[in-house]
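Here's the structure we're looking at; comments come further down.
Chains as they are written, first to last, in my numbering: chain A, 90 to 254; chain B, 270 to 779.
Set out below in C-alpha cells:
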C-alpha cells in the first residue's frame, strides 16, 4: 500500500506491505524495520530499531491527530490511487467553505445575514459554552451562501453553522 | 451515624463524597440534571434522583428540588460539595428546617463570612490581622498623606464600591498620591456613582496561602496546616501544594492559631479554610474564610494522613474531633493539578465535547480524583473541571518529579485540556525553587510559548509511519468485516470523518 502522509503540513511518501508477522516499511524510499502491535482502539505500540514508541490516534471534529508519546501531530493520510481522496482534497482549496462548530454549545448571536459579503476573519456567529463566548470567524472572503445558525439553538461539535462562497 | 446521604453536587467532587460514604457504610443518593444522566457520579451512587433541566439554576442550585429529592429518598443528611449551594446560608437553614443535617457549618457562620463588611467587622473585634489601611473613605488629601505615611509606601487606593480594577491606583510614593487620589475618585464616581476611596498598604507580588481548619460541634477546633495556592489564572487556582515552600513551623503555628481564632469568632463547625495574603516579608493578612470543603483538600489529606470527608461526616453526626492539635503531624509534600477541559491554544477557552480516548496515570505517589470516563461527553453547562491529579512524595522535589511523570502518562483525546500547562509549570526553574507569587502564571503565559514546542523531525517521521499504519489497519479491519456498514465501526468520525479514513474505507470496499 502506498500512502501520502501529511504531518503538520510536511508530506511523506510511505509504503507499507504486510509480511508474515510484521510490516515492510519504506519512508521516502528509506527502508525501516518496524514492529507494530495494536494495543487497543486507537492505540499502537511501535518498535523501530529497538526504540519503543507509545502511539495514540485522536479523532476530533477538527481533524485527526497522531500522538507519539506527548507530541501531537495533525495527520492527513491520502491514498493516491483513490479518486475520492483527490476530489476531497481539491474541494478544500476553493469554492464553498463550511463554518463548523468546533465544540458543542449554544448560539448566542448571529452577526451577519444570509447573502452578506464577509471578509476573511470576520465574525459570523458567537457560540457560548461553559459560560464563555467564542466568535466563529469566516475562513475566507466571500458571500454567506447559507446560514444554518439560529440564535438560541444548541449545536454539537462538527455541526455546520454557515457556508461561505 | 447517618444511614443515607444525598450529595447535592456533580462531577469529581460528587464521586469523591460517594467514595467516602461507601467507606463508612453509608448509602448514597446522587442528584442529576438532564445533562448529567450519563455522568460518573450517577453511576457510582446507590440511588439517583433527577432534579431538573441542565441549567444549574433549575437543578443543582434549586433548593426546593434538592430538598424534595432528599425527602423522597429518605436521606438524613446532605453533603453540598463545593460550589453550587455549598456556601448558601439559606440552603443550610432550609436543610435544618426540614430536619435534614447539612454537612457543614451552621447557617449563621456561612452568612457572617458571606458578607465582606460583616466578616471584617467581626474579625476586627477578634483582633485578626488585616492588610493595614483605612476601613472607611478618605476625607481629604491631608488625611490620605497622614495614613500613607503611617503604614508606609507603596500604598493602594481602592474604590469602596469597587470591583474589576476600577478606581484602583498603585501609589509608589508621596509625590504621586494627590494625582492618584483625584483620578481614582473621579473614576470611582463614573464607574459606580460613588467616589468613596480608601487606602491600603500595597502588597506587591503576594502569595496566596490558606489554612485548613476543622471544628466539631463541641467547641474543639484544630488547624491542619497550610496550602500554597499562588499559581492562579484570573483569580482561579490552577495548582496547589502543601506544605507551602515559604512557611516554616513557627509561621505555621502563628497562621494556624489565627485561623482557629477566626473559626471560633464565627462560631464555626465542620471543615473550613481561612485564606491569607502573604507579603515578601512573610507578614500574613486575613482575606476571607471559605465555609466549605475546598477543591484542593486532597493535598492536606496526603500530608496529614487524614480523610477530610470522613471527618466532615463524623463531625456532622455529632462526634467529637478524634484528634488534638498535637496529634496533627505533617509528613511529606503534595501538589495538585486541576485538569480542566480548556484549549491552551485558544486563551484557555472551555473545550467541552466527547472524550474519545482516555489514558489515566497511576503508580507510586499518585492520586487521581476524576469525574470522567472514556466515551463520556463533557457537558457545556458547567465548570470545566474534569479531574484532579495529585502527586505525593517524601519531599517537594520528589512530589514534583512524580507529578510531572504522571502528567506525561495522562492523555485525554477528543477534547482539549490544560495538561500541557502543567508540564511547563512543573519544569519552571522558579517553581522548582519555590519562588511563587500570584503573578507567576501570567508571567509564564506571557513568556515565549513557542520555545516549548520544538518539532523533532525524527518524531514527525514516527508520526507519519503511525498514521499510515492506522490507515492500513483500518482498511484491513474494513475488509475483514466486508459488507458491514461503515457506521458499525464506531461513531468517532461522524460528519467529521477525515478524508483519509473515508478513502481507506472506500478502498477496502471496492
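Every residue gets a Cβ at the ideal spot worked out from N, C-alpha and C, and that includes glycine.
query, result
"Proximity winner among B:715, B:380, B:535, B:485, relative to residue 395 of chain B (alpha-carbon distances)", "B:535"
"Chain B contacts made by the stretch 130 to 151 of chain A, where a contact means CB separation under 8 Å", "130, 131, 132, 133, 135, 137, 142, 144, 145, 146, 147, 148, 149, 150, 151"
"Whole-angstrom distance between residue 555 of chain B and residue 277 of chain B, CA atom to CA atom", "30 Å"
"Cross-chain neighbours of residue 99 of chain A in chain B, by beta carbon under 7 Å", "729"
"Assigned exposure category for residue 188 of chain A - 16 Cβ within 10 Å defines buried", "buried"
"DSSP bridge partner residues for residue 425 of chain B (one or two, in chain order)", "B:439, B:469"
"Own chain residues within Cβ distance below 8 Å of residue 321 of chain B, not counting five before or after", "302, 303, 327, 328, 331, 334"
"For residue 142 of chain A and residue 166 of chain A, believed in contact at Cβ under 8 Å, the rounded distance", "Going by Cβ atoms, the distance from residue 166 of chain A to residue 142 of chain A rounds to 18 Å, so no, they are not a contact pair."
"For residue 92 of chain A: DSSP bridge partner residues", "A:103"
"Residue 738 of chain B CB to nearest heavy atom of the ligand NAD below 7 Å", "The ligand NAD is not part of the structure shown, which contains no ligands of any sort."
"CB of residue 205 of chain A within 8 Å of CB of residue 233 of chain A, strictly", "yes"
"Contact check, residue 352 of chain B vs residue 652 of chain B, beta carbons under 8 Å", "yes"
"Residues bridged to residue 486 of chain B [DSSP beta-bridge criterion]", "None, per the DSSP bridge assignment."
"Where residue 149 of chain A falls, given that 16 or more other Cβ within 10 Å makes a residue buried", "buried"
"Of the residues B:439, B:510, B:610, the one placed nearest residue 688 of chain B, counting alpha carbons only", "B:610"
"Under the three-state DSSP convention, the category residue 218 of chain A falls into", "strand"
"Short Cβ contact (8 Å threshold) for residue 400 of chain B with residue 468 of chain B", "no"
"CB contact check: residue 246 of chain A to chain B, cutoff 8 Å", "yes"
"Reference residue 545 of chain B, options B:631, B:493, B:480, B:656, closest by Cα", "B:480"
"Extent of the continuous beta strand (DSSP E) run through residue 593 of chain B", "First-last for residue 593 of chain B: undefined, no H or E at that position."
"First and last residue of the uninterrupted alpha helix (DSSP H) at residue 632 of chain B", "That residue, residue 632 of chain B, is in no alpha helix (DSSP H); it is neither H nor E in DSSP."
"Given residue 507 of chain B as reference, the closest of B:605, B:665, B:744 once Cα atoms are compared", "B:605"
"DSSP state of residue 197 of chain A mapped onto helix, strand, coil", "strand"
"Close beta carbons around residue 101 of chain A, own chain, < 7 Å, minus the five adjacent residues each side", "94, 116, 117"
"Closer than 8 Å to chain B by CB, residue 193 of chain A", "yes"
"Listed by chain order, chain A residues near residue 651 of chain B by CB distance under 8 Å", "219"
"Collapsed DSSP secondary structure at residue 302 of chain B in the structure displayed", "strand"
"Strand pairing of residue 163 of chain A, partner residues [DSSP]", "A:154"
"Residues in the stretch 611 to 640 of chain B having any Cβ partner in chain A nearer than 8 Å", "615, 618, 619, 620, 621, 622, 623, 625, 626, 628"
"Residue 516 of chain B beta carbon less than 8 Å from that of residue 495 of chain B", "yes"
"Identity of the residue in B:451, B:739, B:341 nearest residue 128 of chain A by Cα", "B:739"
"Chain A contacts made by the stretch 350 to 383 of chain B, where a contact means CB separation under 7 Å", "none"
"Residue 348 of chain B - containing beta strand (DSSP E), residue span", "346 to 348"
"Residues from the stretch 676 to 691 of chain B in contact with chain A, defined by Cβ distance under 7 Å", "677, 680, 682, 683"
"Residue 705 of chain B, enclosing beta strand (DSSP E) - first and last residue", "That residue, residue 705 of chain B, is in no beta strand (DSSP E); it is neither H nor E in DSSP."
"Closest residue to residue 472 of chain B among B:548, B:447, B:504, B:449 (Cα-Cα distance)", "B:548"
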